[in-house]
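Peer 1: Provided herewith is a single structure, encoded as structure tokens, for subsequent inquiry.
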């Protein structure tokens, strides 16, 4: 009779017993919790999760995740972002912006790529920039060309 034994490194065994929230915050430098309110200019280089309220400006070179409970009344700048809560202000996202179905955004968006889930509400202008626009125009150009 064969016996199968699974052996995991200690850090992976610990992952088996972590809550979903703990798994989501690994690699995150700053968490603004659901009971926290921050006013002023907030600047960082790493990944940020916002579950509470931010008023002012929020800037990071890393990843910004605004959960459903977040209330951001600020202009935000990030390398990439996921918005599931409320944002009143402009968003300038260098790479990818993922807007979830629970999001409410009132402000202009500038990003390289965007995904908007059904049910999300956006009131503002959208400006796509960078490689995504160039690639899209190439595809449209190729599709629109007449074959000879």
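Numbering (full-length UniProt numbering), first residue to last: 1 to 148. Where a beta carbon is used, it is the ideal one built from N, C-alpha and C, also for glycine.
(1) Please go through the segment 22–54 and give each complete alpha helix (DSSP H) segment of 4 or more residues, from N-terminal end onward.
(2) Leaving out the 5 sequence neighbours to the left and right, which residues in its chain are closer than 8 Å to residue 102 when beta-carbon positions are compared?
(3) In three-state terms, what does DSSP make of residue 68?
(4) Who are the Cβ neighbours of residue 71 in its own chain at under 7 Å, not counting the five residues just before and after it?
(5) Mapping the DSSP letters down to three states, classify residue 102 as helix, strand or coil.
(6) Hey, residue 31 and residue 38 are a contact pair by Cβ (cut 8 Å); roughly how many whole angstroms apart?
(7) Who does residue 120 pair with in a DSSP beta bridge?
(8) Tell me where the beta strand (DSSP E) around residue 81 begins and ends.
(9) Would you kindly work out how many angstroms separate the C-alpha atoms of residue 130 and residue 116, rounded to a whole number?
(10) I need the DSSP call for residue 90, collapsed to helix, strand or coil.
(11) Can you grab the Cα-Cα spacing for the pair residue 22 / residue 28, in whole Å?
(12) Taking 6 Å as the limit between beta carbons, can you name the residues of its chain near residue 57, skipping five residues before and five after?
Peer 2: This is what the structure holds:
(1) Listed in chain order, there is nothing to give.
(2) For this step, residue 102 is matched to residue 102 along the chain shown. In chain order, 68, 84, 85, 119, 120 place their CB closer than 8 Å to the CB of residue 102, counting only its own chain and leaving out the 5 sequence neighbours on each side.
(3) Sequence index remark: in the chain shown, residue 68 carries index 68 (1-based). Looking at residue 68 - three-state DSSP - the assignment turns out to be coil, as it is neither helix nor strand.
(4) Residue mapping note: residue 71 aligns to position 71 of the chain shown, counting from 1. If we look at residue 71 and ignore the five residues flanking it on each side, its Cβ neighbours are 53, 85, 86.
(5) Position 102 of the chain shown holds residue 102. Coil.
(6) Counting from 1 along the chain shown, the entry for residue 31 is found at position 31. Counting from 1 along the chain shown, the entry for residue 38 is found at position 38. About 11 Å separates the two Cβ atoms, so there is no contact after all.
(7) Taking the chain shown and counting its residues from 1, one reaches residue 120 at position 120. Its beta-bridge partners do not exist; DSSP assigns none.
(8) For the purposes of this step, residue 81 is identified with residue 81 of the chain shown, where counting begins at 1. Counting along the chain, the beta strand (DSSP E) containing residue 81 begins and ends at 80–83.
(9) Within the chain shown, numbered from 1, the residue matching residue 130 stands at position 130. Within the chain shown, numbered from 1, the residue matching residue 116 stands at position 116. One C-alpha to the other measures close to 19 Å.
(10) Mapped onto the chain shown, residue 90 falls at position 90. Of the three classes helix, strand and coil, the one that applies to residue 90 here is coil, per DSSP.
(11) Numbered from 1 along the chain shown, position 22 holds the residue referred to as residue 22. Numbered from 1 along the chain shown, position 28 holds the residue referred to as residue 28. Because residue 22 sits at a pLDDT of 46, beneath the cut-off of 50, its placement in the model cannot be relied upon, and the following sentence gives the value as read from the coordinates. Taking C-alpha positions only, residue 22 is separated from residue 28 by approximately 10 Å.
(12) Taking the first residue of the chain shown as 1, we reach residue 57 at position 57. If we look at residue 57 and ignore the five residues flanking it on each side, its Cβ neighbours are 41, 74, 75.
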